[in-house]
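Structure first, then comments.
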Amino acid sequence: MVGEIALGTIEILGTRIELLKVLISIAIVAVGVVVARLVRIPVSYFLTKYAPQAAPLASRAVFWVIVGIAVLSAIGNLGVELTGVLLAGGIAGIIIGFAVQSTVANLFSGLFMQIDRAFRIGDAIEVAEMNVAGVVTDITAFSVVLRRFDGVYVRIPNEKIFTSQVRNFGRNVARRVEVTVGIAYKEDMSKAIEVIRRIVDEDPRILALPEPRIMVWELGSSSVNINIWCWVPTQEFFNVRGELVKRVKEALDANGIEIPFQQVTVWFGDKGKGKGKGKGEGEGEEGEDEEKGGRLRLPSLNE
1 MVGEIALGTI EILGTRIELL KVLISIAIVA VGVVVARLVR IPVSYFLTKY APQAAPLASR
61 AVFWVIVGIA VLSAIGNLGV ELTGVLLAGG IAGIIIGFAV QSTVANLFSG LFMQIDRAFR
121 IGDAIEVAEM NVAGVVTDIT AFSVVLRRFD GVYVRIPNEK IFTSQVRNFG RNVARRVEVT
181 VGIAYKEDMS KAIEVIRRIV DEDPRILALP EPRIMVWELG SSSVNINIWC WVPTQEFFNV
241 RGELVKRVKE ALDANGIEIP FQQVTVWFGD KGKGKGKGKG EGEGEEGEDE EKGGRLRLPS
301 LNE
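At position 69 of the sequence shown the residue is numbered 69 (full-length UniProt numbering), and the sequence of numbers has no breaks.
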């Protein structure tokens, strides 16, 4: 018999249970549901304010955790041994955990990222370890979607981003443009700096503060390198940088200041055989080559 009520007891599947305990267990579950709903409201409000993408998932998780605790308490109140239930649940949890390990890792990583708020939708970021950069278009419970600067959309698991170094280019209102220009060693460095400064001062998009800096930075292999540092609004970064390089090149050309291309001198020498010897002494052929203008001869593979 599935159920029979008699003398304050109820029989369910052959097990006689006191009716009072059944009513108490039902009350425990009901109270648990009410408490879960009450707790869910402030949790949802808090997360909506500080981590809106994670709010729905986290609030549902809190609700079902509280309801689950209430159900286990109700089962225990009926006199059912919970050890077996918990053991079976633990084994099932381990099996499921291994099966969805990466999914759970992505889920919690997404929750922590929402709390950390390292970036938001619309920010331009770079994930250094993955060599991927673009604009954040969506943040889900399991992944982040980027629109790369070439227009390709990329989905990156939350765990990868959470454990990687992320550079946020869009959080600050301004970015520093850095350009290096090399001039020939024979050119006047002060004149070159003056020409470059005029170009920088003429661009209204370049901020006055922090003040632009133009300085001789290093002596390169083929040129004297001058660094240009200036701050611009973040949304103008690429436009200003491209135009700045173009205008500086045109201004230096107009003022007769040479921008040299990289030069490399390669020396091919022999083993020094016959050095200082004329023809007929030792390696006469090599000596003759050196005496006739120092022409170079590559050693053969047999030497």
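Idealized CB from N, CA, C, for every residue including glycine.
Beta carbon of residue i, beta carbon of residue j: below 8 angstroms?
i, j, result
"valine 200", "isoleucine 183", "no"
"residue 384", "alanine 55", "For residue 384 there is no data in the structure shown, the boundaries of the chain being 1 and 303."
"isoleucine 161", "valine 181", "no"
"asparagine 225", "asparagine 158", "no"
"isoleucine 125", "asparagine 172", "no"
"serine 59", "leucine 47", "yes"
"threonine 137", "arginine 147", "yes"
"serine 164", "glutamate 129", "yes"
"valine 39", "valine 62", "yes"
"glycine 90", "aspartate 123", "no"
"glutamate 236", "arginine 205", "yes"
"glutamate 258", "glutamate 187", "yes"
"glycine 252", "alanine 192", "Residue 252 is actually leucine in this sequence, not glycine. Against a cut-off of 8 angstroms, the Cβ pair of alanine 192 and leucine 252 comes out as a contact."
"glycine 110", "phenylalanine 149", "no"
Taking the alpha helix (DSSP H) that residue i belongs to, which residues open and close that run?
i, result
"tryptophan 64", "55-77"
"glycine 134", "Not the alpha helix (DSSP H): glycine 134 falls in the beta strand (DSSP E), residues 132-139."
"alanine 251", "237-254"
"glutamate 126", "Where glutamate 126 is concerned, there is no enclosing alpha helix (DSSP H), although the beta strand (DSSP E) it sits in stretches over 124-127."
"glutamate 187", "It is not in any alpha helix (DSSP H) - glutamate 187 carries neither H nor E in the DSSP assignment."
Would you kindly report the start and end of the unbroken beta strand (DSSP E) that includes residue i?
i, result
"alanine 174", "174-183"
"asparagine 225", "224-233"
"valine 166", "166-168"
"isoleucine 214", "213-219"
"valine 144", "143-148"
"arginine 155", "153-157"
List the whole-angstrom C-beta distance separating residue i from residue j, where the pair is believed to meet the contact cut-off of C-beta under 8 angstroms.
i, j, result
"isoleucine 156", "valine 132", "7 angstroms"
"aspartate 203", "valine 240", "7 angstroms"
"serine 222", "proline 260", "5 angstroms"
"asparagine 255", "valine 216", "About 17 angstroms; that fails the 8 angstroms criterion."
Indicate whether the contact test is met: 3 or more Cβ pairs, each with one atom in the segment 148-155 and one in the segment 56-76, closer than 8 angstroms. No: fewer than three Cβ pairs fall under 8 angstroms.
Does the segment 223-233 come close enough to the segment 170-181 to have 3 or more Cβ pairs within less than 8 angstroms? Touching, yes.
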